[in-house]
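Here the sequence shown stands for residues 2 to 419, numbered as in the numbering used here. The beta-carbon is built from N, C-alpha and C at its ideal position, and this holds for glycine as well. Please read all numbers here as calculations on a predicted model, not as lab measurements.
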Amino acid sequence: MNPNTTPSWISLCCMVLLLLTPLAQATEADYHYAGQLVIDPDSGHIRADWLITVYDEAETAIKFVLRDTLGNIAIGGSGVASGGATREAGYENFWAINVELAEPAPFRVISLSYDGVLMPRPLSNRINAIEAGRIELSVDSFWFPIDVRFSKEFTADLVVRAGDGWQGVTTGEIRPVQDGLLIHNQDPRMDIVFTLSKSWHITEGEGFTVYDQRETREGTERVLASARFCRDFLNQRFGREDPLPTGSLLITDRPSSGYARENYIVLTDISNTEPAPLTRFVCHEFAHYWSTGAKFDTVDNWINEAFAEYIGMMAVREQLGDEAFDELRNKMQEQIAGRELPRVWAEGDTERGPYLVQYRKAPLLLAQLEESIGEETLIDWLQLYFANPEKTTTGLLAALETVAGADSRKHFEQMLEE
2 MNPNTTPSWI SLCCMVLLLL TPLAQATEAD YHYAGQLVID PDSGHIRADW
52 LITVYDEAET AIKFVLRDTL GNIAIGGSGV ASGGATREAG YENFWAINVE
102 LAEPAPFRVI SLSYDGVLMP RPLSNRINAI EAGRIELSVD SFWFPIDVRF
152 SKEFTADLVV RAGDGWQGVT TGEIRPVQDG LLIHNQDPRM DIVFTLSKSW
202 HITEGEGFTV YDQRETREGT ERVLASARFC RDFLNQRFGR EDPLPTGSLL
252 ITDRPSSGYA RENYIVLTDI SNTEPAPLTR FVCHEFAHYW STGAKFDTVD
302 NWINEAFAEY IGMMAVREQL GDEAFDELRN KMQEQIAGRE LPRVWAEGDT
352 ERGPYLVQYR KAPLLLAQLE ESIGEETLID WLQLYFANPE KTTTGLLAAL
402 ETVAGADSRK HFEQMLEE
């Protein structure tokens, strides 16, 4: 641990580790991150101190990556045999932090600290930003150390200190503590994502809250209407036993680059967004509550995205009619017309497909499949797949055969291979 770390920080981390170790193990997290993040909004400088608990006794070494604009990296802890930060081929713009773990134990702890100006130049998409009135951070800026396998999930407790007057939103819980805000992520995730603001306009809805960063409120009612519709549409079909949790919708003033992490959905400036694309987007992001689990860095990620995208299109059809659905479908077809795109999937494929395959080509194949088997059978298929722990294309095809028969499976598999 860095010698400048305060006793109160050490006490906080020890308390969090003692309280949450059983919880993290029970929820099958790979790690638990307990930390403190100090942010200077004016300069963009951050300082982070972490205690990372490793639960897998079989682990012998871990490689993390961290943005290379940060420095003064210190590695230690009772669970560490050795460690160091280096620059390695294949990790441009990042530090590779290599940790050799101590002898196996029920859990081992890595202490890690660093500081620096995270983003000397603003990122083009503005998703990650540290500004006087807004702080928005996610894994995309690599502000915290992330396992290079990009498949390990972790729970988290993080105290953020950035001065007075901030309100925060995150995927889990967030509440004020002395001189800061405490983020508590009980469910295992692959990100610690949050937004802080000093000037939100907050609107409470049934099952969700809208946080608007814009000076104008134009379009807010459309967001509320879309969110209400999507919640009901999705819960009726997929959430009878496991309904959507309470959600947070953030409306930003940027023209592009929205994203979601489960119940935390960030929208672009929707002042002039029409109802159909707005409903499609909101329902797509809500649908990821169920349409998830396929390994995101492999070919099977098409399932996560294509299902969410097509469910969004089905919601538009339910809300606005066939004409609105057909318009969305035609626009998607226009986007890929004349392009030489790779197939969606074939046995033996491993590499994740490009955007247009996952978000355009694959949903259009789902539309063709629905025309063949019908909406009711398609929903039965999705329900069966979502309940199945095997999140692979092979498992998906087996589920299709169960609900629609061998011929439908064979036909759809051929479509995926074209």
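Query	Result
Three-state class that DSSP yields for TYR56 in the structure shown	coil
Nearest residue (CA-CA) to GLN336, options SER152, ARG361, GLU352, VAL345	ARG361
Residue of ILE53, GLU154, TRP167, ARG190 minimising C-alpha distance to GLY181	TRP167
Stretch-stretch touch, CB-based, cutoff 8 Å, three pairs: the segment 308 to 322 with the segment 336 to 347	no
Rounded straight-line distance, which links the Cα of PRO256 to that of TRP144	24 Å
Neighbour-count burial assignment, ASP158, 16 or more Cβ in a 10 Å radius	buried
Of the residues THR393, TYR386, PHE65, the one placed nearest VAL149, counting alpha carbons only	PHE65
Reference GLU60, options ALA400, ALA106, PHE155, closest by Cα	ALA106
Same chain, Cβ closer than 6 Å to HIS285, neighbours up to 5 away in sequence not counted	ALA309, GLU310, GLY313
Short Cβ contact (8 Å threshold) for ALA228 with LEU250	yes
Residue from ALA163, GLU154, LEU279 whose Cα sits closest to the Cα of ALA325	LEU279
Stretch-stretch touch, CB-based, cutoff 8 Å, three pairs: the segment 81 to 97 with the segment 117 to 135	no
C-alpha distance - VAL39 paired with ALA103, whole-angstrom precision	29 Å
Segment limits, beta strand (DSSP E) that includes ILE312	Here ILE312 belongs to no beta strand (DSSP E); instead the alpha helix (DSSP H) covers 302 to 321.
C-beta atoms of LEU321 and ALA277 nearer than 8 Å	yes
Inter-residue spacing [alpha-carbon to alpha-carbon] between TYR356 and GLU328	20 Å
DSSP three-state assignment for SER139, whether helix, strand or coil	coil
Buried/exposed call for PRO23, threshold 16 Cβ in 10 Å	Model confidence at PRO23 stands at a pLDDT of 41, short of 50, so the residue's coordinates are unreliable; what they give is reported in the following sentence. It is exposed - the Cβ of PRO23 has fewer than 16 other Cβ atoms within 10 Å.
Whole runs of the alpha helix (DSSP H) within the segment 344 to 380, excluding any shorter than 4 residues	363 to 374
Buried versus exposed call for THR87 [16 or more other C-beta atoms within 10 Å across all chains shown]	exposed
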